[in-house]
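Q: One structure coming up, written as structure tokens, with questions to follow.
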Amino acid sequence: MEEFIYGGDYNPDQWLDEPQVLEDDIRMMKKAHINEVSLGIFSWALLEPEEGRFEFDWLADIIHKLYENGIYTILATPSGARPRWLAKKYPEVLRTYEDGKKAKFGGRHNHCLTSPAYREKVRIIDAKLAECFKDDPAVIGWHISNEFSGECYCSHCQDEFRKFLKRKFGSIEKLNHEWWTTFWSHTYTSFDEIEPPSSIGENETNGLIIDWRRFATYACTDFIKNEIEAIRSAGAKQPVTTNMMYEFGGYDYAEFAKVIDTMSWDSYPEWGIAESDGKAALEHGLYHDMMRSFKDKPFLLMESCPSGTNWQSVSRLKRPGLLKLAGIHAVSHGADSVQYFQIRQGRGSSEKFHGAVIDHTGRDDTRVFKEVTETGALLKEIAEIKGAVGDAKVAIINDTQNKWALENSQGPRNCNEGYYETVHKIYEALKINAVDVDVIEESHSFDGYKILIAPMLYSLHDGAEKRIREFVENGGILISTYLCGVVNENDLCYMGDIPYDMTDVLGVRTEEIDALCDGMKNSLLPVEGASMRLQETDCEKMCELISLKGAECLMTYGSDFYKGSPALTVNQFGKGKAYYIASEPDREFYVGFLGRIIKEAGVVKLMESLPEECDIASRVKGGKRYVFIENFGREDKEVKLPEVADMLYGDTSSKLPATDAKIYSIKA
Amino acid sequence: MEEFIYGGDYNPDQWLDEPQVLEDDIRMMKKAHINEVSLGIFSWALLEPEEGRFEFDWLADIIHKLYENGIYTILATPSGARPRWLAKKYPEVLRTYEDGKKAKFGGRHNHCLTSPAYREKVRIIDAKLAECFKDDPAVIGWHISNEFSGECYCSHCQDEFRKFLKRKFGSIEKLNHEWWTTFWSHTYTSFDEIEPPSSIGENETNGLIIDWRRFATYACTDFIKNEIEAIRSAGAKQPVTTNMMYEFGGYDYAEFAKVIDTMSWDSYPEWGIAESDGKAALEHGLYHDMMRSFKDKPFLLMESCPSGTNWQSVSRLKRPGLLKLAGIHAVSHGADSVQYFQIRQGRGSSEKFHGAVIDHTGRDDTRVFKEVTETGALLKEIAEIKGAVGDAKVAIINDTQNKWALENSQGPRNCNEGYYETVHKIYEALKINAVDVDVIEESHSFDGYKILIAPMLYSLHDGAEKRIREFVENGGILISTYLCGVVNENDLCYMGDIPYDMTDVLGVRTEEIDALCDGMKNSLLPVEGASMRLQETDCEKMCELISLKGAECLMTYGSDFYKGSPALTVNQFGKGKAYYIASEPDREFYVGFLGRIIKEAGVVKLMESLPEECDIASRVKGGKRYVFIENFGREDKEVKLPEVADMLYGDTSSKLPATDAKIYSIKA
Amino acid sequence: MEEFIYGGDYNPDQWLDEPQVLEDDIRMMKKAHINEVSLGIFSWALLEPEEGRFEFDWLADIIHKLYENGIYTILATPSGARPRWLAKKYPEVLRTYEDGKKAKFGGRHNHCLTSPAYREKVRIIDAKLAECFKDDPAVIGWHISNEFSGECYCSHCQDEFRKFLKRKFGSIEKLNHEWWTTFWSHTYTSFDEIEPPSSIGENETNGLIIDWRRFATYACTDFIKNEIEAIRSAGAKQPVTTNMMYEFGGYDYAEFAKVIDTMSWDSYPEWGIAESDGKAALEHGLYHDMMRSFKDKPFLLMESCPSGTNWQSVSRLKRPGLLKLAGIHAVSHGADSVQYFQIRQGRGSSEKFHGAVIDHTGRDDTRVFKEVTETGALLKEIAEIKGAVGDAKVAIINDTQNKWALENSQGPRNCNEGYYETVHKIYEALKINAVDVDVIEESHSFDGYKILIAPMLYSLHDGAEKRIREFVENGGILISTYLCGVVNENDLCYMGDIPYDMTDVLGVRTEEIDALCDGMKNSLLPVEGASMRLQETDCEKMCELISLKGAECLMTYGSDFYKGSPALTVNQFGKGKAYYIASEPDREFYVGFLGRIIKEAGVVKLMESLPEECDIASRVKGGKRYVFIENFGREDKEVKLPEVADMLYGDTSSKLPATDAKIYSIKA
């Protein structure tokens, strides 16, 4: 499609006995400039009402009626939820919980991901669907299952876990060493003895816990591959995706990225519930950037809510303009679509109050419908941006495996390691400095960046320490914070000095780590006459005691028994520089500090400084840089536009109205 | 009995090896004017020490000794707790939990309510007891089991649930439609596939959840019928009751009301723990009114605490006078008894510290005993009031099925829909206006009322919308609030405009519903020149956006993007009027607003305005209206008595002492 | 050993493949004056890698290498955690939870304590170890298992529980009476019917709950005896201990005290996390005193943390000096050792961040290592104190069985009976008065004390009421508080007047007990002209209403309906006096009140008054009293030393520096 994809999840299967509903919906979708629907996401019970009896005619009919009206279909495989007959005949497809309890039928996204029976049944129906629609011009993509999550602890999954570990470690001795099982006499004598983590069994061996998370990722990725193979074997060539949910699924999406064609995700900011809408926007801006960075390509915003959700603590309405603004926001960070859950609101069950393009009244004069229509019109107008990519010079590492290792470690801060908060705080400080940011995993290439920020890089894997060394040697600027280089990928502590293999790069050595209770503060004070004069700031959460091994001390602690000892350092290494921040300063400090680094590194800012409650991002294509500025606040803001800006949306004045945006292009 | 019943639960079976205790107790009961005891509530282990061996002599002895001393017995069936031998021989009688776990022996009120074995064993002992005491003048009533609660998920209960659903829906297609099971491919292909809601299975299908609650009510009501039939078949004719616990049991007591002769309940206000004792009194006043309204007849206060309970967070003593005042309070709302749990305090196990008429010291000079005696004397003095009924002209709907539907709905406010708080708030505002109030279910007749208040009438059943229409058409005043007429009885959303079938009655249509976070506020502002000038107020929780379809707008929202849009309306319909309140104003607003409506409707108030911390209510009999005013506060209050009041308790002065009451009669 | 034991847990078994580590460790231990290690605590998997194959050579080698370097071994039996092969072959050794769920392999301290298979396997390896090391001069003691805790609910444990109850009660009728099972028809007809408390069964019969706790203590003590017998049968004569964890294990350690030679425990104050370090010190001072009082002998501080733990909410570093001060503190209360967990920090699994003498860097120039070394040097200097004992004239009862009875009782205060808080508050008030205190169980002898404080002596056992009577009759001063003498040891309420059998001793009778909500206050006001003039104070939690039966009223309540009624009384009885405090006054009141009593009783104070954030204690030996004063505050304090004090540590000035101590001897 040349245009942005505009549409969303549609469940006409809930209305098959009321044909008028489909007619009404098509009429209204056209009115709203909708050009796509995601179909069949939970349709298995209708597509295969009993084992081996496939009924696709109703689906084909709908797809073709839509297509005749200019609406394409992204077709889902139905594996997100089972028909009851399947669970009844093959009970193995239902999950087993960590305590050995067996699930009953109910819910969704809760099948055993390694079950041969489930994989086979899914393979068959996927292949049948692919045979049917592989050459259908109405079908432009495949939506594999839906919002994968969780894990199963059945005996089959346990067997697969043991095989996975055997492949990883080779010998049980190696596993015992890496997981340090001599501790508490937990030594394994064979792989057969391994059980997954369990609240009523082994639950403090962090190596086991992290590898179980890796296995869950593997099992799910393998399940996705099984589905893709079924589709491809049947001859279908349309691109495949699966819709993700950042900070929810418990998987390492970097593995998904390797097997699907396009990243896509479901974004549900807590509009009206979060501290502020600007805060909610920056939070999801980070996730958008992460989705783009996985494959360094545009992604799809597969789901978003046209109004209030039904599952957040309260169903807040989106105030006028916010629907369009949220769509622009996704596009600004690299989305090539704006899709909603859902087109028509269901009448019953758990999601009956979830916002929809068409609600229970069936009217096309609702406030929501009118805003959906306006947004559709805008996306048509800016269609030239589709396909534009990012070219950030600043990257921040937000690594899933590192998060797992930190969260499950006992100590140094069991009340909250705060990895999430730190990454988001630094990201916000970067956006206030109005630069584009890539949000990457440790395994992502560091090439091409001028600034690499690695907060709390506790667990090293994929040779991160070596690649960081090269990055700095070759002229990059590294910013690293406390808890750096403490353990290997199996949560095994490095012996000797830390940050492991980076004491020379950073010019410091960690002596001790003091964890502070919630609410406790220390401060960072600038060193007189240092090469860089920084602003005093409070700090909290952790205070590392470090000794200088060549670095220059820029700031020291302001209190406690380590008052006056180094807290922020810089070290020249090769052609580059490495900063080390031994504690957790506040956001304002990061805004100033990163502003200095950005300037020093020669990274071009999109504007001098971003007003509060706003976001800014750009995409490049065909020699043009498309810049998006959004105001999520309740008041108008002043922004300084470049002198030669080609406006695609909004006027050239310096006024950025509340709940509105400007889009313009400049030379890339 | 001509007099009020005065007594309570008595467990002499705990003291059979100390005969002196019974002698002491009888002496003291007589001293305290006690004329009734509830016996045998947990005596099964003694009545049938092994299967088929019945030992009733000890019970008959006690009953007759009491009778000789002027103390009647309400005899309990012993089904509230099982002997161990029964659970051991028939393990099916023990409950199965929602996750399939089987209960062990212990606790009480936890048998399988559909178990054939349990029903049969209960039938046998009930019949034996009835044979023994059917003609005994000492036994004046039957107390079926005790405080029914909860549900069982065993295979037998599941079978009965499926039969219940088959009777209700007729076909599985109808059930699938009403529960909207196409959602997530949860379609049932036969009734056999249905399982109860479970935390490890189906738990988001609201139709299933509500029908499971209805089934639990059905199973319990049927259990009660089984007990009543056993008693009646044996020839016993005394009236039957079962003691309920409002806001606790999870059943729809309207169904119980259909099969028992007299409503009775156990009232345990949080005296000294709640925000204030006045607040606690109004809360339980509402429950008293509800109990009376079920059958529009006097009820029994089957249990209340003579001192502190042992199970509330702290065991607060009742301050002097409160015991008597609480008794008067129950009578004022329609109780024909004042009964305590318990006459003599047990020595051990979980309730050993529960307040009792006779405590561990065995003394009759305790503060509590003296107050019990005073209260007994007062009840004798006002015996003429027994049997008097209510004649409220104002009714508020507090519907159990509606509560289930609201509470289990996902959205629009998952942190708390607040049905309970809203109903109680409006009730308090009515009482401050000093009118009698009926508290009714949706299925209750609306005839005879001048004002009908239907807050949050989310789920319509029993033709409520049609009967409301008739009520207004015929001249009634309806006050309805947000979330009105949204779903049918199965939580299936109405299509088209809502409030369903009432947009003409109310003259408004709901557009959208904004749910506010806890602590967020909007406001209602009066419309200049409106026909009714109301006081500005804050509002919270939900703000419905409504459009006028004939109604007059009396108030508008004060902020947010819907500032200025209608928030409180009135519509003339037929001979009546219908008000719609689109948000949740505060209590003070309701006091003023309802005061205006009461005046407009010509409802006679019992006094001009009730002081804080007080309650007022009346009962009518033989051409007289008996009015009760109680002061639950710690300070004396001023009240204006009618000029011609015949005092039954308290003097004619305008001073209502702290923790005291006045009772008088006027012409009805 | 002549010197204090100085060392701790050491796990060289984690480093067998890196022999250099042991060499390094020995070198560093010597440097730090370490003379002991606790070995083998979790080594079973290495000591018996498969059933019946014992490999002790590596252990003997290590023990001897250490010994050659002047480091003794306290050798652990390895029963604290099982090898996997044992759990696989004998699944009965894994625990069953209270709901019948069976544990999987994992964790530690979670075996079935009655399992014949486990006892037998433990017996065999213990005997083998004892055979090997019984005559080894390097091994100076046995460390039985590790930190026993919890209980198992398997069928075997249930059988043993039934036998335990049969031995205790003799007949089921007696049990039914004591547990008051007629309540709710819970009568047992035979011991076979008894099941342990369960969340899905019997869980409100307090007699059952308390006896289950007693059984858990019995089962664990019997397990310990089994281990000791194995060691002794093999001929080993070294003293045995087991390391306890006060306020954690759920056992009555008084039973342990009867079978082991030396008390020892693991002390982990919340330094830097608690309200203040002084508060944390007094909390653990009480536990130290308790450990000493069990056997009226010195005890071992078996574990303490050289730096931050990994399992508290945050891992706070110990500030300079605190490590040494905490060691002195333990010694001051009667410890004959200072031991750490752990000598060398493990690389992985759950405790990898737990503080250690030697951390992951392996350096001996760390701050921690240097402080460990200084502390070792000090302990050598004060070696003469080893073996000194306590001779407190003041005792406070802190009874485990009483705590169980109070905590599990339903009412009079379910939100928190506050036994712990009350005991600690009174203890703090005593320490501020600078006296030595014994902290004893009800069963401990009261002989030799001048003052006995018995707060909340709810449950009487071991003839406490008779021994209290004798204590007062013979001239002792008793201080008793509310909730005194309410139930017998089975939580069965006494009939008639309470405090049971002590109304004449105390000269008061309890009438009613009012429990206050959290945050509610009353006050105690001094009686004009009373024989003892006390300071007005707030009080909270509970207010007992008492009547005088001979006592003099010293204070009355200041508010509520019992304003003016007695609240604090004194009664002359025999040669002694008995005070009764009917409510919960604040700490300041106790400081003043107890100061008066201490003076009256002629108890000699160690100084006039202890500054805030400090602790003081003494030990006596060979005619000398060794006095320790510690300052846990962040500021220097003024203290008045005796004129003739022989300083062992610190100077003779009146300045007690922050985070430091003084130790001196005076004539005993």
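Protein chains in written order, with the working numbering: chain A, 2 to 669; chain B, 2 to 669; chain C, 2 to 669.
All residues carry an ideal CB built from backbone N, CA and C; glycine is no exception.
So which residues of chain C does Gln15 of chain B contact, with C-beta pairs closer than 9 Å?
A: In the second sequence, the residue the question calls residue 15 of chain B occupies position 14. Per Cβ cutoff of 9 Å: Trp181, Thr183 and Phe184.
Q: Between Met543 of chain B and Leu517 of chain B, how many whole angstroms is the CB-CB distance? I'm expecting something under 8 Å.
A: Indexing the second sequence from 1 puts residue 543 of chain B at position 542. Indexing the second sequence from 1 puts residue 517 of chain B at position 516. With 8 Å as the limit, Met543 of chain B and Leu517 of chain B qualify as a contact, their Cβ atoms being about 7 Å apart.
Q: Any beta carbon of chain B sitting closer than 8 Å to that of Pro92 of chain A?
A: Walking along the first sequence from the start, residue 92 of chain A turns up at place 91. Answer no: the Cβ-Cβ gap between Pro92 of chain A and chain B never drops below 8 Å.
Q: Assess contact between the stretch 278-298 of chain A and the stretch 392-409 of chain B, defined as three or more Cβ pairs (one per stretch) separated by less than 8 Å. Is contact present?
A: no
Q: Given that Trp86 of chain C touches chain A, what residues does it touch there, using C-beta distances under 8 Å?
A: To locate residue 86 of chain C, count along the third sequence from 1; it is residue 85. Chain A residues near Trp86 of chain C: Thr190.
Q: Among A:Pro198, A:Pro50 and A:Tyr288, which residue has its Cα nearest to the Cα of Ser186 of chain B?
A: Against the second sequence, residue 186 of chain B aligns to sequence position 185. The residue among A:Pro198, A:Pro50 and A:Tyr288 with its C-alpha nearest the C-alpha of Ser186 of chain B is A:Pro50.
Q: Lys122 of chain A: which of A:His110, A:Lys135, A:Leu87 and A:Gly101 sits nearest, CA to CA?
A: Counting from 1 along the first sequence, the entry for residue 122 of chain A is found at position 121. It is A:Leu87.
Q: Consider the Cβ of Glu537 of chain B: report whether some Cβ of chain A lies at a distance smaller than 8 Å.
A: The sequence position of residue 537 of chain B within the second sequence is 536, counting from 1. Closer than 8 Å: no.
Q: So what does DSSP say about Val279 of chain B, is it helix, strand or coil?
A: Translated into the one-based positions of the second sequence, residue 279 of chain B becomes position 278. Checking the sequence, you will find Gly at residue 279 of chain B rather than Val. Correct three-state label for Gly279 of chain B: helix.
Q: Have a look at Trp181 of chain B and Lys175 of chain B and give me their C-alpha separation to the nearest angstrom.
A: Within the second sequence, numbered from 1, the residue matching residue 181 of chain B stands at position 180. Within the second sequence, numbered from 1, the residue matching residue 175 of chain B stands at position 174. Roughly 10 Å separates the two Cα atoms.
Q: In three-state DSSP terms, what is Ile480 of chain C?
A: For the purposes of this step, residue 480 of chain C is taken as residue 479 along the third sequence, with counting starting at 1. If DSSP states are grouped into helix, strand and coil, Ile480 of chain C belongs with the strands.
Q: Please report the Cβ distance between Asn399 of chain A and Tyr459 of chain A, rounded to the nearest whole angstrom; I am assuming they are in contact, meaning their Cβ atoms lie under 8 Å.
A: To locate residue 399 of chain A, count along the first sequence from 1; it is residue 398. To locate residue 459 of chain A, count along the first sequence from 1; it is residue 458. The pair is not a contact, with the Cβ atoms about 13 Å apart (cut-off 8 Å).
Q: Name the DSSP beta bridge partners of Asn489 of chain B, please?
A: Along the second sequence, one-based indexing puts residue 489 of chain B at 488. DSSP output for Asn489 of chain B lists no bridge partner at all.
Q: At what residues does the alpha helix (DSSP H) containing Trp86 of chain C begin and finish?
A: In the third sequence, counting from the first residue as 1, residue 86 of chain C sits at position 85. Trp86 of chain C -> alpha helix (DSSP H) spans Arg85 to Lys90.
Q: Where do the N-terminal and C-terminal ends of the beta strand (DSSP E) with Lys663 of chain A fall, by residue?
A: Start at 1 with the first residue of the first sequence, and residue 663 of chain A comes out as number 662. For Lys663 of chain A, the enclosing beta strand (DSSP E) covers residues Asp661 to Lys668.
Q: Whose C-beta lies closer than 8 Å to the C-beta of Asn177 of chain A among residues of the same chain, with five residues either side of it excluded?
A: Locating residue 177 of chain A in the first sequence gives position 176, counting from the first residue. Excluding positions up to five away in sequence, the list reads Thr183, Thr188 and Tyr189.
Q: Should Met457 of chain B and Tyr428 of chain B be called a contact, given that it needs their Cβ atoms to be closer than 8 Å?
A: Against the second sequence, residue 457 of chain B aligns to sequence position 456. Against the second sequence, residue 428 of chain B aligns to sequence position 427. No, these two residues do not count as a Cβ contact at 8 Å.
Q: How is the alpha helix (DSSP H) around Glu205 of chain A delimited, first residue to last?
A: By 1-based counting over the first sequence, the position of residue 205 of chain A is 204. Counting along the chain, Glu205 of chain A falls outside any alpha helix (DSSP H), and DSSP gives it neither H nor E.
Q: For the stretch 310-323 of chain C and the stretch 643-654 of chain B, state whether three or more C-beta atom pairs, one from each stretch, are separated by less than 8 Å.
A: Not touching, per the Cβ criterion.
Q: Contact between the stretch 409-423 of chain C and the stretch 353-371 of chain B is defined here as three or more beta-carbon pairs at a separation below 8 Å; is this criterion met?
A: yes
Q: Where Asp637 of chain B and Pro658 of chain B are concerned, what is the direct C-alpha to C-alpha distance, given to the nearest angstrom?
A: Reading the second sequence from its first residue, position 636 is the one you call residue 637 of chain B. Reading the second sequence from its first residue, position 657 is the one you call residue 658 of chain B. About 4 Å.
Q: Taking a cut of 9 Å between CB atoms, which residues from the stretch 365-378 of chain B lie near chain C?
A: Thr367, Arg368 and Val369
Q: So, is Asn417 of chain A buried or exposed, given that buried needs 16 or more other C-beta atoms within 10 angstroms?
A: Numbered from 1 along the first sequence, position 416 holds the residue referred to as residue 417 of chain A. With fewer than 16 other Cβ atoms inside 10 Å of its own Cβ, Asn417 of chain A counts as exposed.
Q: Say the cut is 7 Å; is the CB of Glu37 of chain C nearer than that to a heavy atom of the ligand GTP?
A: Absence of the ligand GTP from the depicted structure is noted, as is the absence of any ligand whatsoever, leaving it without description.
Q: Return the residues of the stretch 289-323 of chain A that lie within a Cβ-Cβ distance of less than 8 Å from chain B, sorted by chain order.
A: Ser308, Gly309, Thr310, Asn311, Trp312, Gln313, Ser314, Val315, Ser316, Arg317, Leu318, Arg320 and Pro321
Q: Is Thr97 of chain A close to chain B, meaning its C-beta is less than 8 Å from at least one C-beta of that chain?
A: Stepping through the first sequence from its first residue, residue 97 of chain A is reached at position 96. So no, Thr97 of chain A is outside the interface.
Q: Are the C-beta of Phe329 of chain B and some C-beta of chain C separated by less than 8 Å?
A: Within the second sequence, numbered from 1, the residue matching residue 329 of chain B stands at position 328. Sequence check: residue 329 of chain B is Ile here, not Phe. Chain C, which has no Cβ nearer than 8 Å to the Cβ of Ile329 of chain B, makes this no.
Q: Measure the C-alpha to C-alpha separation of Ile210 of chain A and Ile63 of chain C and round it to an integer number of angstroms.
A: Here residue 210 of chain A is taken as the residue at index 209 of the first sequence, counted from 1. Here residue 63 of chain C is taken as the residue at index 62 of the third sequence, counted from 1. Cα to Cα, the separation comes out at about 33 Å.
Q: Go through the stretch 243-276 of chain C residue by residue and report every complete run of the beta strand (DSSP E) that reaches 3 residues or more, in order.
A: 263-267
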